[in-house]
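Enquirer:
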Amino acid sequence: MHDLNEDHHTRAVARAVEELLNAPADQRARQAPHLISEVGAARLERIIAATRTRIGTEQAEVTYTHRRGMTINGPKGRVAAWGSLDGEGRLAGLLIDASSVPRWWPSGIPIRLVWATAAFGMWVYSMVDLSIGDATAPTMLTWLSYAVSALLGCLLLIGFSAPKCFPRWVRLFPYVVLGIVAATFVWLLVFRGVPVGHGGLDQVGYSHIALLIAALVFLARGRGHRWGQPVSTSLHFPLTGPGWYVAQGGGRFLNHHRTVAAQRGAIDLVKTGPNGTNTGMFRFLVPSRDLDSYLAYGQPVLAPCSGSVVTAVDGVADQPPGRIHYGPLYGNHVIIDTGHEHVVLAHLRLGTVSVTAGDVVCVGQLLGEVGNSGRSTEPHLHIHAERDGMGLDLQFIGVAGGLYRGRTIPAQ
1 MHDLNEDHHT RAVARAVEEL LNAPADQRAR QAPHLISEVG AARLERIIAA
51 TRTRIGTEQA EVTYTHRRGM TINGPKGRVA AWGSLDGEGR LAGLLIDASS
101 VPRWWPSGIP IRLVWATAAF GMWVYSMVDL SIGDATAPTM LTWLSYAVSA
151 LLGCLLLIGF SAPKCFPRWV RLFPYVVLGI VAATFVWLLV FRGVPVGHGG
201 LDQVGYSHIA LLIAALVFLA RGRGHRWGQP VSTSLHFPLT GPGWYVAQGG
251 GRFLNHHRTV AAQRGAIDLV KTGPNGTNTG MFRFLVPSRD LDSYLAYGQP
301 VLAPCSGSVV TAVDGVADQP PGRIHYGPLY GNHVIIDTGH EHVVLAHLRL
351 GTVSVTAGDV VCVGQLLGEV GNSGRSTEPH LHIHAERDGM GLDLQFIGVA
401 GGLYRGRTIP AQ
């Protein structure tokens, strides 16, 4: 459910941003003194001028909706923005996206819906391909050309996705396909008496097998990937209880963090159950707006190491699930300096961060709760370790093997 107080606050921020953008330059120091002291008046003027150019007007309209978040609007397009207020209602923080989109451009479709549609499309394609093969294949080798595409689809769904994020009935699809492939093989060979054939596979078959082998190689490399720079000491797993699951992690094709140097070894952890990450059976299609319906939301986050807190941020609102509003990357987060590396725990729940910068923490100390703040589509914990700006390979006590997408973490 939406928090009305949060909505009121967010719209107050939107009004403050609009007033700042449309005010004469000599009044901005009064409207946002802290902001100007941080970025400088000249730089702020350049940012405002560039924003006006992108939206095509000197008088911006700033709006907030749950679908899009805060946007700065003009005749040429809209620009995403984020802001925060100080105790007197003045702008204390402001982020403005460097890109813009046309005003008519539709808001983002929930990412989970895109994945679900792609998965269902792959399943339908496999079934159609198999049906064609059943009806037209003169030999078993020809039929195998069609069957390999179904096997490839199953591998993509089981190996490259995070199946446990979906309800059990959805996760059964690939195994149903495999069962149909096996049953069809027996039916064609034994009951229909389709000959094995000679001369090998056709061109389609060889291309499907090449894709299947390539997918297997990429999957093995992604799951076994290591950067060769581990943390100095194995960390304690920061979450308790069963059901924790790696939604992002590993190498190429398995971890979207790998392109950011400091985050290349990061993992995203969600909590799963019979219906995936949510309590609703069909919520994987259209995410619930109720954050409490996500199994991970509100779960305690414990310090995975001892050290000094160098950064502790609270005050960033949790995102509506399924969409990412523009704003601070990590949301509410804690960064611990172990003396050898920095360990980052991000996307914590608003109002739950229990430490401050300068605190010395011990392993197992409560840091906050799992939330959905920052660039996050659903409640999860992001964790990574970095040294000199480069991400490190994570290692947890009691968790052997790789930390790749689709890995279930043993109960701690």
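Counting in UniProt numbering, the sequence shown runs from 1 upward without gaps.
Built from N, CA and C at the ideal position, the CB exists for glycine as well.
Report the rounded CA-to-CA distance for Ile72 versus Ser373, giving the unit in angstroms.
Expert: Approximately 21 Å between the Cα atoms of the pair.
Enquirer: Give a yes or no on whether the C-beta atoms belonging to Leu367 and Val360 are separated by under 9 Å.
Expert: No, the Cβ-Cβ distance between Leu367 and Val360 is not below 9 Å.
Enquirer: Is the CB-CB distance between Val363 and His342 below 9 Å?
Expert: It is not a contact, given that the beta carbons lie outside the stated cut-off.
Enquirer: Between the beta-carbon of Gly56 and the beta-carbon of Met70, is there less than 9 Å?
Expert: Cβ distance not < 9 Å, so Gly56 and Met70 don't count as in contact.
Enquirer: Under 8 Å: does the beta carbon of Leu302 sit that close to some heavy atom of the ligand FAD?
Expert: Although the ligand FAD was asked about, the structure shown includes no ligands whatsoever.
Enquirer: Between the Cα of Gly93 and the Cα atoms of Glu38, Lys76, Arg43, Glu45, which residue gives the shortest distance?
Expert: Selected option, being the one with the closest Cα: Glu38.
Enquirer: Is Pro320 helix, strand or coil by DSSP?
Expert: Three-state DSSP puts Pro320 in coil, outside helix and strand.
Enquirer: Check Ser84 in the structure and name its three-state DSSP category.
Expert: Correct three-state label for Ser84: strand.
Enquirer: List the residues that DSSP assigns as beta-bridge partners of Lys271.
Expert: Answer is Trp244.
Enquirer: Helix or strand or just coil, what does DSSP make of Val17?
Expert: In the structure shown, Val17 sits in a helix (DSSP, three-state: H, G or I).
Enquirer: Roughly how many angstroms lie between the CA atoms of Gly351 and Leu216, to the nearest whole one?
Expert: Each residue's alpha carbon lies about 44 Å from the other.
Enquirer: What does the alpha-carbon distance come out to for the pair Gly298 and Phe396?
Expert: C-alpha separation (whole angstroms): 22 Å.
Enquirer: I need the straight-line Cα distance from His325 to Ser100, nearest angstrom please.
Expert: Looking at the two C-alpha atoms, the distance is approximately 14 Å.
Enquirer: Nearest to Arg46 by alpha carbon, out of Pro33, Ile96, Arg11?
Expert: The option with the nearest alpha carbon to Arg46 is Ile96.
Enquirer: Here's the rule I'm using: 16 or more other beta-carbon atoms within 10 Å means buried, otherwise exposed. How should Val190 be labelled?
Expert: Exposed, because fewer than 16 other Cβ atoms sit within 10 Å of the Cβ of Val190.
Enquirer: For the putative contact between Arg349 and Glu378, defined by C-beta atoms under 8 Å, what is the C-beta separation to the nearest angstrom?
Expert: That belief does not hold up - the Cβ atoms of Arg349 and Glu378 are roughly 13 Å apart, past 8 Å.
Enquirer: Based on Cα-Cα distance, which residue from Gly358, Trp187, Gly276 lies nearest to Trp244?
Expert: With distances taken between Cα atoms, Trp244 lies closest to Gly276.
Enquirer: Leu239: which of Arg11, Arg15, Pro410, Gln59 sits nearest, CA to CA?
Expert: Cα-wise, what sits closest to Leu239 is Pro410.
Enquirer: Could you tell me the distance, in whole angstroms, from the CA atom of Arg28 to the CA atom of Leu20?
Expert: Between Arg28 and Leu20, the C-alpha separation is close to 6 Å.
Enquirer: Tell me which residues share the same chain as Leu4 and place their Cβ nearer than 8 Å to its Cβ, disregarding the 5 neighbours each side in the sequence.
Expert: The predicted model places Leu4 with a pLDDT of 49, which falls under 50 and marks its position as unreliable, so this point remains unresolved.
Enquirer: Using only CA atoms, which one of Arg15, Ala303, His380 lies nearest to Ile336?
Expert: When only C-alpha atoms are compared, the closest one is Ala303.
Enquirer: What's the call for Ile109, buried or exposed, on a 16-neighbour Cβ count within 10 Å?
Expert: The predicted position of Ile109 is uncertain, since its pLDDT is 49 and thus under 50; no value can be drawn from it.
Enquirer: Would you call the CB atoms of Val316 and Pro328 closer than 9 Å?
Expert: It is a contact, given that the beta carbons lie within the stated cut-off.
Enquirer: In whole angstroms, give me the CA-to-CA distance for Cys165 and Arg43.
Expert: C-alpha separation (whole angstroms): 44 Å.
Enquirer: What are the residues that DSSP puts in a beta bridge with Tyr294?
Expert: Answer is Asn278, bridged to Tyr294.
Enquirer: Rounded to the nearest angstrom, how far is the Cβ of Arg264 from that of His257, given a contact under 8 Å?
Expert: Right, the Cβ-Cβ distance comes to about 6 Å (below 8 Å), so this counts as a contact.
Enquirer: Between the C-alpha atoms of Leu211 and Asp290, what's the straight-line distance to the nearest angstrom?
Expert: Roughly 41 Å separates the two Cα atoms.
Enquirer: Excluding the 5 residues flanking Ser354 on each side, which residues of the same chain have their C-beta closer than 7 Å to its C-beta?
Expert: Around Ser354: Leu366, Leu367, Gly368.
Enquirer: The beta strand (DSSP E) that contains Ile409, what's its start and end?
Expert: Unbroken run through Ile409: none, as it is neither H nor E.
Enquirer: Closest to Ala50 by CA distance: which of Gly77, Ile209, Ala385 is it?
Expert: Residue Gly77 is the option with its Cα nearest to Ala50.
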